[in-house]
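Chemist: Here's a structure for you.
Okay, here's the thing in structure tokens:
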């Protein structure tokens, strides 16, 4: 505990209690073995380990002076070598035989080795180690997809409606859109929240989501899925196997890096808002008087940069944080993907997406971001 508030750049070092750590690590879970021996002249030694029977390789000789006894047996088989055994000698039957210490040690090692193999044997079928990676369908994607709170008046192939209220969607916000209509579903929804958004989701051609639950929702509704950037799809295996109709590639890749990943159904975040965080918990401690139920707030960091905080509802209020600067990137052969959640002049952005000089006038505060510098 400290009295001063932590600041950017402060570091916390956690030390380890070495003595306690050694004590905790010293405890080992051992396998209990109950061992019984039968040593008779002219017969191989017979060792019974937890009901499993093992034999020596040679018949035993009759002792001429000092016969083999329980003390010799216990002293030898109490040694567990490398194996995690806790041994109890439950009995010895013998008519007085002779066996050297070396022979007895060899017998113990052989039996413990075989018994450990018996306990740890994996009966699962072993498959070949030869794996063939799936092949993605190569090809350019000339489509444009846009996330917006109002799709009317936008000229795009795919419109993704991001509603302020997921339970009650105003049809007037997408009714006149001419392209494919997708419904935006945020991550981290509860089971009840997913059930409550189903009536809204059913009205659209497909579902867009940054959460893996989007796959299941689309399966239930029998609708195509648009895999969002939050799923961090960034390799050819993911692209080939995810089964989505469309895929927004991870924001962690640069334009040059996506060249080896792109296919005819992939998109790349090209311009607009950059979402950096979804908040599961209310930043106002669920005190609505402090919140004022505004649509947009601003978070300011120690350097004075302002990060938009958007409030929406899925029964209860939820929040998402956007980067302090908008994205302007060059276009690639993969589909153009625009996040215009916070923008009012969406059609202007769509029309000028291939002219970065005009976009700079629209956004003013912008970055080339992950398109040139990978996220580390």
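Numbering (this note's numbering), first residue to last: 713 to 1088. We treat Cβ as the ideally placed atom computed from N, Cα and C, and that holds for glycine.
Who are the Cβ neighbours of residue 1017 in its own chain at under 7 Å, not counting the five residues just before and after it?
Modeler: For this step, residue 1017 is matched to residue 305 along the chain shown. Here the set comprises 1036.
Chemist: Which one of 958, 963, 1029, 868 has the shortest CA to CA distance from residue 988?
Modeler: Position 276 of the chain shown holds residue 988. Residue 988 has its Cα closest to that of 963, out of 958, 963, 1029, 868.
Chemist: Can you give me the C-alpha to C-alpha distance between residue 990 and residue 928, rounded to a whole angstrom?
Modeler: In the chain shown, counting from the first residue as 1, residue 990 sits at position 278. In the chain shown, counting from the first residue as 1, residue 928 sits at position 216. Straight-line Cα distance between these residues: approximately 21 Å.
Chemist: Can you name the residues that DSSP bridges to residue 750?
Modeler: The residue given as residue 750 occupies position 38 in the chain shown. For residue 750, which the question treats as bridged, DSSP gives the partners 758, 805.
Chemist: Does DSSP put residue 971 in a helix, in a strand, or in coil?
Modeler: In the chain shown, residue 971 corresponds to position 259, counting from 1. It is helical.
Chemist: With a 10 Å radius around its C-beta and 16 neighbouring C-beta atoms as the bar for buried, classify residue 852 as buried or exposed.
Modeler: Taking the chain shown and counting its residues from 1, the one referred to as residue 852 is at position 140. Exposed: under 16 other Cβ atoms inside 10 Å.
Chemist: What number of angstroms, rounded off, separates the C-alpha of residue 753 from the C-alpha of residue 792?
Modeler: What you label residue 753 is simply residue 41 of the chain shown in a count that begins at 1. What you label residue 792 is simply residue 80 of the chain shown in a count that begins at 1. Those two C-alpha atoms are separated by around 26 Å.
Chemist: Starting from residue 870 and walking both ways along the beta strand (DSSP E), at which residues does that stretch end?
Modeler: Within the chain shown, residue 870 is the residue found at index 158, counting from 1. Its beta strand (DSSP E) spans residues 870 to 873.
Chemist: Buried or exposed for residue 1031, going by 16 or more other Cβ atoms inside 10 Å?
Modeler: Reading the chain shown from its first residue, position 319 is the one you call residue 1031. Buried, by the Cβ-count rule.
Chemist: Can you look up residue 979 in the DSSP assignment and give me helix, strand or coil?
Modeler: Taking the chain shown and counting its residues from 1, the one referred to as residue 979 is at position 267. If DSSP states are grouped into helix, strand and coil, residue 979 belongs with the strands.
Chemist: Considering only residues of the segment 985 to 1048, which uninterrupted beta strand (DSSP E) runs meet the minimum length of 3 residues and lie entirely inside it, listed in chain order?
Modeler: Within the segment 985 to 1048, the complete beta strand (DSSP E) runs of at least 3 residues are 987 to 991, 1008 to 1012, 1018 to 1025, 1029 to 1034, 1038 to 1040.
Chemist: With DSSP run on the structure shown, which of helix, strand or coil describes residue 950?
Modeler: On the chain shown, position 238 is the one that residue 950 refers to. Residue 950 falls in the helix class under three-state DSSP.
Chemist: Look up residue 896 in the DSSP assignment and say whether it is helix, strand or coil.
Modeler: Here residue 896 refers to the residue found at position 184 of the chain shown. The answer is strand: DSSP assigns residue 896 an E or B state.
Chemist: Assuming residue 919 is part of the beta strand (DSSP E), what are its boundary residues?
Modeler: Locating residue 919 in the chain shown gives position 207, counting from the first residue. Segment 918 to 921, the beta strand (DSSP E) holding residue 919.
Chemist: Measuring CA to CA, which of 728, 743, 747, 745 is closest to residue 737?
Modeler: Residue numbering aside, residue 737 sits at position 25 when the chain shown is read from its first letter. Looking at the Cα atoms, 728 is the closest of the given residues.
Chemist: Among 1026, 825, 804, 1043, which one has its Cα closest to the Cα of residue 902?
Modeler: In the chain shown, the residue the question calls residue 902 occupies position 190. When each option's Cα is compared against that of residue 902, the closest is 1026.
Chemist: Can you tell which of 718, 979, 726, 827 has the C-alpha that lies nearest to the C-alpha of residue 762?
Modeler: Locating residue 762 in the chain shown gives position 50, counting from the first residue. Considering only alpha carbons, the answer is 827.
Chemist: Would you call the CB atoms of residue 932 and residue 983 closer than 8 Å?
Modeler: Translated into the one-based positions of the chain shown, residue 932 becomes position 220. Translated into the one-based positions of the chain shown, residue 983 becomes position 271. Not in contact: residue 932 and residue 983 (Cβ atoms no closer than 8 Å).
Chemist: What residues are listed by DSSP as bridge partners for residue 772?
Modeler: Position 60 of the chain shown, counting from 1, holds the residue named residue 772. Paired residues: 753.
Chemist: Along the beta strand (DSSP E) that carries residue 686, what are the first and last residues, could you check?
Modeler: Residue 686 lies beyond the range of the chain shown here (713 to 1088); nothing can be said about it.
Chemist: First and last residue of the alpha helix (DSSP H) that includes residue 727?
Modeler: Translated into the one-based positions of the chain shown, residue 727 becomes position 15. Where residue 727 is concerned, there is no enclosing alpha helix (DSSP H), given that its DSSP letter is neither H nor E.
Chemist: Between which two residues does the alpha helix (DSSP H) holding residue 1074 run?
Modeler: Along the chain shown, one-based indexing puts residue 1074 at 362. Start and end: 1068 to 1075.
Chemist: Mapping DSSP to helix, strand and coil, what is residue 888?
Modeler: Residue mapping note: residue 888 aligns to position 176 of the chain shown, counting from 1. Correct three-state label for residue 888: coil.
Chemist: Taking all protein chains shown into account, decide if residue 771 is buried (16 or more other Cβ within 10 angstroms of its Cβ) or exposed.
Modeler: Stepping through the chain shown from its first residue, residue 771 is reached at position 59. With fewer than 16 other Cβ atoms within 10 Å, it is exposed.
Chemist: Could you give the DSSP three-state label for residue 812: helix, strand or coil?
Modeler: Against the chain shown, residue 812 aligns to sequence position 100. Coil, per DSSP.
Chemist: Is it right to say residue 1038 is buried, meaning 16 or more other beta carbons lie within 10 angstroms of its own, or is it exposed?
Modeler: As a first step, residue 1038 is located in the chain shown; it is residue number 326 there, counting from the start. The residue in question, residue 1038, is buried, as its Cβ has 16 or more Cβ neighbours within 10 Å.
Chemist: Can you tell me whether DSSP reads residue 824 as helix, strand or coil?
Modeler: Position 112 of the chain shown, counted from the first residue, corresponds to residue 824. Reduced to three states, the DSSP call for residue 824 is helix.
Chemist: With DSSP as the reference, identify every bridge partner of residue 959, one or two as the case may be.
Modeler: Sequence index remark: in the chain shown, residue 959 carries index 247 (1-based). Answer by DSSP bridge pairing, in chain order: 939, 978.
Chemist: Going by beta-carbon coordinates alone, are residue 1029 and residue 1023 separated by less than 8 Å?
Modeler: Numbered from 1 along the chain shown, position 317 holds the residue referred to as residue 1029. Numbered from 1 along the chain shown, position 311 holds the residue referred to as residue 1023. Cβ atoms of residue 1029 and residue 1023: closer than 8 Å.
Chemist: Helix, strand or coil for residue 744? Go by DSSP, reduced to three states.
Modeler: Within the chain shown, residue 744 is the residue found at index 32, counting from 1. Correct three-state label for residue 744: strand.
Chemist: Report yes if the C-beta of residue 877 is less than 7 Å from at least one heavy atom of the ligand MG; otherwise report no.
Modeler: You won't find the ligand MG in this model; it holds no ligand whatsoever.
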